[in-house]
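Just so we're aligned: the sequence shown equals residues 411 to 956 in my numbering.
Ideal Cβ placement from N, Cα and C applies to all residues, glycine included.
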Amino acid sequence: MTNPLLGQMMDSPLLISNILTSAARHHSNMEIVSKRAEGDIHRYTVAELQIRSKKLAQALEHLGLKMGSRIGTLAWNGYRHLEIYYGVSGSGLVCHTINPRLFQEQIVYIIQHAEDEVIFFDQSFQSLVENLIPLCPNVKKWICLIDPALQAKSHLEIDNYETFIANESGEYEWPSFDERCASSLCYTSGTTGNPKGALYSHRSTILHSYASALPDSLCLSAMDVILPVVPMFHVNAWGIPYSSLLVGAKLVFPGAKLDGQSIYELLEAEKVTFSAGVPTIWAGVIQYMKTNHLKFSHFKRVIIGGSACPPAMMKTFQEYGVEVIHAWGMTELSPIGTVAKLKSFDQSKTKEQQELILQKQGRVVFGVDMKIVDGDLNALPHDGKAFGDLYVKGPWVINQYFKASESALQDGWFPTGDVSNIDPDGHMQITDRSKDVIKSGGEWISSIDLENVAAGHPFVTMAACISVAHPKWDERPLLVVEKKAELTITDEAIKADILKFFEGKIAKWWIPDDVVFVDKIPLTATGKMQKLKLREQFKNHQLPTL
Ligand code: ADP
Numbered sequence: 411m412t413n414p415l416l417g418q419m420m421d422s423p424l425l426i427s428n429i430l431t432s433a434a435r436h437h438s439n440m441e442i443v444s445k446r447a448e449g450d451i452h453r454y455t456v457a458e459l460q461i462r463s464k465k466l467a468q469a470l471e472h473l474g475l476k477m478g479s480r481i482g483t484l485a486w487n488g489y490r491h492l493e494i495y496y497g498v499s500g501s502g503l504v505c506h507t508i509n510p511r512l513f514q515e516q517i518v519y520i521i522q523h524a525e526d527e528v529i530f531f532d533q534s535f536q537s538l539v540e541n542l543i544p545l546c547p548n549v550k551k552w553i554c555l556i557d558p559a560l561q562a563k564s565h566l567e568i569d570n571y572e573t574f575i576a577n578e579s580g581e582y583e584w585p586s587f588d589e590r591c592a593s594s595l596c597y598t599s600g601t602t603g604n605p606k607g608a609l610y611s612h613r614s615t616i617l618h619s620y621a622s623a624l625p626d627s628l629c630l631s632a633m634d635v636i637l638p639v640v641p642m643f644h645v646n647a648w649g650i651p652y653s654s655l656l657v658g659a660k661l662v663f664p665g666a667k668l669d670g671q672s673i674y675e676l677l678e679a680e681k682v683t684f685s686a687g688v689p690t691i692w693a694g695v696i697q698y699m700k701t702n703h704l705k706f707s708h709f710k711r712v713i714i715g716g717s718a719c720p721p722a723m724m725k726t727f728q729e730y731g732v733e734v735i736h737a738w739g740m741t742e743l744s745p746i747g748t749v750a751k752l753k754s755f756d757q758s759k760t761k762e763q764q765e766l767i768l769q770k771q772g773r774v775v776f777g778v779d780m781k782i783v784d785g786d787l788n789a790l791p792h793d794g795k796a797f798g799d800l801y802v803k804g805p806w807v808i809n810q811y812f813k814a815s816e817s818a819l820q821d822g823w824f825p826t827g828d829v830s831n832i833d834p835d836g837h838m839q840i841t842d843r844s845k846d847v848i849k850s851g852g853e854w855i856s857s858i859d860l861e862n863v864a865a866g867h868p869f870v871t872m873a874a875c876i877s878v879a880h881p882k883w884d885e886r887p888l889l890v891v892e893k894k895a896e897l898t899i900t901d902e903a904i905k906a907d908i909l910k911f912f913e914g915k916i917a918k919w920w921i922p923d924d925v926v927f928v929d930k931i932p933l934t935a936t937g938k939m940q941k942l943k944l945r946e947q948f949k950n951h952q953l954p955t956l
């Protein structure tokens, strides 16, 4: 089109600093509460967040870093981490959140691959950092996030965050630049191969923040008190550090203690209305509440994702008066892709039908598009039955991994590695990670469906379903169970009861061939069941001949 008629609207780049500037102008008194390493509860306002983020930007400026330089963090959810989010990205640097739960070799790989120049860390990671310093010689500064008086001594050179920003004035203008500039970097946990970096932009982050606050998304508002349990090192705490300031909500940070009791007490004390986290975290909270006969007084909504939320967990939360919002996403999607919500016409459906919709992974949030394809990349129908590889696209989906030589896309779509179906109303349901699918006699069995049923059994704390080689059917499902601690009956009796529990709930040929017990189901650095490890452990397991 030649000489198009352009709209006459203001054209300013979508920058992360805009969120903070706006929040500090219009929600300046909104509180940010943090349980911190000093052992106390720290409180301040968005106005103070802005000043300290600017002081940090000034201090970093004095280091003479180039725009786009990567600044790493090894830190829990807290106000100083939030200052780094805004101070680093706002000043044109890239905030690289490192998952401290990864193996040390992976952390070294990530730091070197990202070429981090400065790393901020919580004191609880001091011994890890002392191991990392000689292995990462290109990092110029290691800065500890703690009151200088409480900083532990070290034989290595470690700076202090408060000292680092102390002499700055806080009088700083956020720079303006192209909204497509990189803002933050997050590596996938790399259950296979080396971790890969998703490099977000200011534009993608702002669009994701708008979209994630929508009613059919997280439904956030200034009426909310938000506690992100999901760590800020896991896909930017699902964008909450941005979306909560965008709507002007109060924020509550839990720090390092993520056990059931600590989370429950903070939810109650700060009158939290909304939270977010992976199922394993919530299992701990529910367990603590059940044991101590507790209730919630303000908690209204929780977004659960990262792995499938077992229906039994949804039911329990419902009994506690909390709405579970089931969502699906990935590091490569910033992370939100779909959210499970009803439509107006679903109101005439039965409660059971509604529950089935809400147990799915949900509908796309506008901006993301999705399709399912077969092995030859042919699009499959959205009829709720056909299932295939899930592909997505949109402005907050990566097109390439950081420093990769090739695009990550196929025909303009990102292959998620998940297998799913999509119904005519647009509700998507993940049946498996493609590598976890169980192929029995040429048909696919959904390990997630089996795990969801098993998780509802009263003897089961956690259950993983994996494939085991079978002479006739190629593969058959084996259920690996972490059972409740207090049980006194024999494993044989528990096994028989669990297998019986499947009857009538799924197709007969899907019922696992065997059940084995482990003390603990191994979890990945992002709290997901490590099925790769279990497959390795049980690869020679002899299934009973039926
Ligand atoms: P990593 O754990 O490697 O850091 P992500 O956190 O990006 O990776 O995980 C993305 C994957 O997690 C998805 O591709 C999907 O397999 C799984 N996942 C996320 N949310 C859900 C959900 N609600 N139900 C089932 N699987 C989910």
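I need the straight-line Cα distance from residue i to residue j, nearest angstrom please.
i     : j    : result
D924  : S593 : 48 Å
A864  : G739 : 24 Å
Q533  : D634 : 30 Å
L415  : P625 : 34 Å
S817  : H644 : 23 Å
T936  : Y495 : 20 Å
Q697  : E471 : 47 Å
G502  : V549 : 19 Å
E578  : F927 : 57 Å
D929  : Y519 : 31 Å
L766  : A814 : 40 Å
G488  : Q460 : 15 Å
G1008 : T898 : Any question about residue 1008 goes unanswered here, given that the chain covers just 411 to 956.
L752  : M724 : 15 Å
E896  : Q839 : 34 Å
S564  : E515 : 22 Å
I426  : S654 : 13 Å
S586  : P423 : 7 Å
H703  : R446 : 28 Å
So, is residue i buried or exposed, given that buried needs 16 or more other C-beta atoms within 10 angstroms?
i    : result
S754 : exposed
A874 : buried
I650 : buried
W919 : exposed
D526 : buried
H436 : exposed
D821 : exposed
E589 : buried
R453 : exposed
N646 : buried
K894 : exposed
Based on the DSSP output, what are the partners of residue i in its beta bridges?
i    : result
H880 : D884
C591 : The partner list for C591 (beta bridge, DSSP) is empty, contrary to what the question assumes.
P825 : Y801
W854 : K849
D779 : K803
H506 : G482, L595
S444 : H452, F663
G670 : G670 pairs with nothing; no bridge assigned.
R511 : Note: R511 sits in no beta bridge, so no partner.
For the ligand ADP, is there a heavy atom less than 6 Å away from the beta-carbon of residue i?
i    : result
T748 : no
I840 : yes
R843 : yes
G715 : yes
W738 : yes
S599 : yes
Q959 : A question about residue 959 goes unanswered here, because the residues of the chain that appear run from 411 up to 956.
T690 : no
T507 : no
D626 : no
D828 : yes
A818 : no
A621 : no
A718 : yes
T741 : yes
T871 : no
T936 : yes
Using a beta-carbon distance below 7 Å, is residue i in contact with chain D?
i    : result
P414 : Chain labels in this structure do not include chain D; a single protein chain is all it has.
Would you check if the region 818-836 and the region 791-807 touch, i.e. whether three or more CB-CB distances between them fall below 8 Å? yes
Is the region 660-674 close to the region 615-624, with three or more CB pairs under 8 Å? With a cut-off of 8 Å, the region 615-624 and the region 660-674 do not count as touching, because too few Cβ pairs lie within range.
Tell me, please, whether the region 506-513 touches the region 548-560 by the rule of three or more beta-carbon pairs shorter than 8 Å. No contact exists between the region 506-513 and the region 548-560.
Touching by the beta-carbon criterion (3+ pairs, under 8 Å), the region 845-859 and the region 872-888: yes
Evaluate contact between the region 467-487 and the region 677-691, counting only Cβ atoms and requiring at least three cross-stretch pairs below 8 Å. no
So, does the region 895-902 touch the region 758-768, judging by three or more C-beta pairs under 8 Å? no
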